[in-house]
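>
Chains as they are written, first to last, in this note's numbering: chain U, 1218 to 1517; chain F, 1077 to 1484.
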């Protein structure tokens, strides 16, 4: 039981990382019907921006909480800009092209970011500075929770709540929902769809950057190809929850993280990656719209 | 611009002729040229997840070669090294060795640290009859590729066995858990030989978990290990993962010491693992604090040239290059005309002589006995493996401490 609870804690921590990345996939898909394959690489860039930002504020070694938050915000801001740049530069010119064109462009952007990362940062792994010192506490008897895990969970929950507030309570959130519902109609109602789309990319990329920083903090090894696997798995998580659905992405991410850790803990680590794709196949066979997805009519 | 069908065909034919002419001109240039130097190939992971392996190895070889060349080379002929980066990927390693052997026509190849990469490259050397000396691939399969493949380090059965003996006898461990890199020949090999020896002594393997290179989260495996309360955890992996494993083990409250092999050897190990590695042990090929004057001279010259203390991989690479040079010198002493053919790229005329000479070089390397290396005295056995002792190192406050030697 104790072991199971410990695995659950590990799984939830990873799950919230997947959830943060999955949100970006699902929001972009909801609005553009585009699977942004470059999203996992934005996560990587986020980790690297934080890596350099942390050096400026005095890493290696623990820094003050304010500086740590500053590092996180810098990475998020930089990736928001990057996301906007990708959207404006790569996807916007293709708005009128077939969806496949945009999809292939997304793969191209992903490869570009990975290889630029190899050139700029170097291909060897970097050690992410421990800007928050690790410390453990006992949750209940024998189940340990690390400070990093609490930070991951806390920051993810905070960002997800903020996102829900933005989407449900603000004017731009309303515009996002409108564009997602019907882009043409929204633009006829006077919504600047291009700005809404750019804004969506900015938010999604900032969330991915946050995930990158959190992973760097708790598993301090980062390299330019670190985004590939988590990116794919977060995409599966988004599909699992129902792509285009924000709460679905959160739940999908958590389920994915827990499933992965349980499989490694109780079966074999060789199934770590297999479980994600097994889940994808099962969900596509049983409920193609995902757990929370509603079967909406295909819009053209 | 518009060409008629005729003209365009003519144009193509003309360009083809030109291309062929240039090709012929170039191939003649290279085939007839006397280089006057002995070309040696080197392949290694200068970039990638195990980049420090390749860089240390290159430094060790560079140091040995420059020492040999400044002392007049081998029988007055300088050695030159052609280095290929395999990015830490077996498929790239195969390409690199193929290029060295078929295009650069080197007379011997030095390289790879990772057994899986040496294994990918070795068949090309074997087929072409070019001796390959791996400084630090410890998997037994490597030299089983063929009679042109050698190594100057001990092998996994010995290292796995030494780990088990050390854990059982010196640490008094009775229950051991293993965390191996399932996709890596080296790691799997070490884990298997550890298991055999540990069980044979009366110990018990309570957990056998695995991961894949590149993983960053090991908490699931470690959590299921923790429940079985092992006295020691054997982690025969590479430094990038070992550092993270140590951290996460301590975060989960596991206090059992980690024991590993020479894959831990890197300056980055402590950087990644930090205080979590205190009280952990690993086998190594040599110890840079060894009072032997030969070792100390090597350590000092290495430090002045590269600014850091040489790790075992650098020391082994240094020994491999020195052993090759010594064998070349012996070859030149017994067969001057054969030695001369090695100085230039082969022509159709001397291809056979060159092949025979390389076979002689192979025999000379195979007969190495008590070669005085900085990693100990090296003798090559019938399976082309080096017979030599291993040292145990303990990590204490980020420093390496010598614990003891295990003889073969």
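Glycine included, each C-beta is placed from N, C-alpha and C at the ideal position.
1) Suppose you measure from the CA of residue 1109 of chain F to the CA of residue 1180 of chain F; what does that come to, to the nearest Å?
2) Counting only runs that start and end within the segment 1237-1273 of chain U, where is the alpha helix (DSSP H) found for 4 or more residues in a row?
3) Name the chain F residues whose beta carbon is nearer than 9 angstroms to that of residue 1483 of chain U?
4) Does the beta carbon of residue 1285 of chain F come closer than 8 angstroms to any beta carbon on chain U?
5) Is there a C-beta anywhere in chain U that falls below 8 angstroms from the one on residue 1127 of chain F?
6) So, do the segment 1321-1341 of chain U and the segment 1398-1406 of chain U have three or more beta carbon pairs nearer to each other than 8 angstroms?
7) With a threshold of 7 angstroms, establish whether the CB of residue 1441 of chain F neighbours any heavy atom of the ligand ATP.
8) Using a beta-carbon distance cut-off of less than 9 angstroms, what residues from the segment 1310-1344 of chain F approach chain U?
9) Can you tell which of U:1262, U:1503 and U:1291 has the C-alpha that lies nearest to the C-alpha of residue 1271 of chain U?
10) Decide if residue 1413 of chain F is buried, meaning its Cβ has at least 16 other Cβ atoms within 10 Å, or exposed.
11) Could you tell me the distance, in whole angstroms, from the CA atom of residue 1286 of chain F to the CA atom of residue 1310 of chain U?
12) Only counting runs of 3 or more residues, tell me where the beta strand (DSSP E) segments fall wholly within the segment 1255-1324 of chain F, in order along the chain.
13) Taking buried to mean at least 16 other C-beta atoms within 10 Å of its own C-beta, is residue 1475 of chain F buried or exposed?
14) Under a Cβ-count criterion, where at least 16 other Cβ atoms within 10 Å of its own Cβ denotes burial, should residue 1429 of chain U be classed as buried or exposed?
15) Within 10 Å of its beta-carbon, does residue 1101 of chain F have 16 or more other beta-carbons around it, so buried, or fewer, so exposed?
16) Please work out which residues of its chain come closer than 8 angstroms, Cβ to Cβ, to residue 1127 of chain F, disregarding the five sequence neighbours upstream and downstream, and give them in chain order.
17) Please report the residue range of the beta strand (DSSP E) in which residue 1487 of chain F lies.
18) Just tell me which of F:1204, F:1340 and F:1373 has its CA closest to the CA of residue 1190 of chain F.
19) Apart from the five residues on each side of it in sequence, which residues of its chain come closer than 8 angstroms, Cβ to Cβ, to residue 1123 of chain F?
20) Threshold first: 4 residues or longer. Then list the alpha helix (DSSP H) segments lying entirely within the segment 1334-1378 of chain F, N to C.
21) Whose C-alpha, out of U:1315, U:1258 and U:1223, is nearest the C-alpha of residue 1440 of chain U?
22) Is it right to say residue 1517 of chain U is buried, meaning 16 or more other beta carbons lie within 10 angstroms of its own, or is it exposed?
23) Taking the beta strand (DSSP E) that residue 1448 of chain F falls in, what are its first and last residues?
24) For the candidate residues F:1326, F:1469 and F:1232, whose alpha-carbon lies nearest to that of residue 1463 of chain F?
25) Are any of the Cβ atoms in chain F nearer than 8 angstroms to that of residue 1486 of chain U?
26) Compute the beta-carbon to beta-carbon distance between residue 1240 of chain U and residue 1421 of chain U, rounded to the nearest angstrom, for a pair I have assumed lies under 8 angstroms.
27) Just the Cα atoms here: how many angstroms apart are residue 1378 of chain F and residue 1133 of chain F?
28) Comparing the C-beta of residue 1253 of chain U with each C-beta of chain F, is any distance below 8 angstroms?
29) Can you find the residues in the same chain that come closer than 7 angstroms, C-beta to C-beta, to residue 1229 of chain F, ignoring five residues on each side of it along the sequence?
30) Compare the beta carbon distance of residue 1313 of chain F and residue 1336 of chain F with 8 angstroms and say whether it is the shorter of the two.
31) Taking DSSP as the reference, what is the three-state secondary structure of residue 1462 of chain F?
32) I want to verify the contact list: residues of chain U whose CB lies under 9 angstroms from the CB of residue 1123 of chain F, in sequence order.
33) Beta carbon of residue 1118 of chain F, beta carbon of residue 1186 of chain F: below 8 angstroms?
Quick answer:
1) Model confidence at residue 1109 of chain F stands at a pLDDT of 46, short of 50, so the residue's coordinates are unreliable; what they give is reported in the following sentence. When rounded, the distance between both Cα atoms is 13 angstroms.
2) 1256-1273
3) 1296 and 1300
4) yes
5) yes
6) no
7) What this structure holds is no ligand at all, so the ligand ATP is not there to describe.
8) 1316, 1317, 1319, 1320, 1323, 1324, 1326, 1327, 1328, 1329 and 1344
9) U:1291
10) exposed
11) 46 angstroms
12) 1280-1287 and 1308-1310
13) exposed
14) buried
15) For residue 1101 of chain F, the pLDDT reaches just 49, beneath the cut-off of 50, and the residue's location in the model is therefore unreliable, leaving the point undetermined.
16) 1121 and 1164
17) Because chain F is modelled from 1077 through 1484, residue 1487 of chain F falls outside the range shown and cannot be assessed.
18) F:1340
19) 1130, 1161, 1163 and 1164
20) 1344-1349
21) U:1258
22) Low per-residue confidence applies at residue 1517 of chain U: pLDDT is 39, beneath 50, and the placement is therefore not dependable, though the value from the model is reported in the following sentence. The residue in question, residue 1517 of chain U, is exposed, as its Cβ has fewer than 16 Cβ neighbours within 10 Å.
23) 1447-1449
24) F:1232
25) yes
26) 7 angstroms
27) 12 angstroms
28) no
29) 1211, 1212, 1214, 1361, 1392 and 1462
30) yes
31) strand
32) 1335, 1339, 1340 and 1341
33) yes
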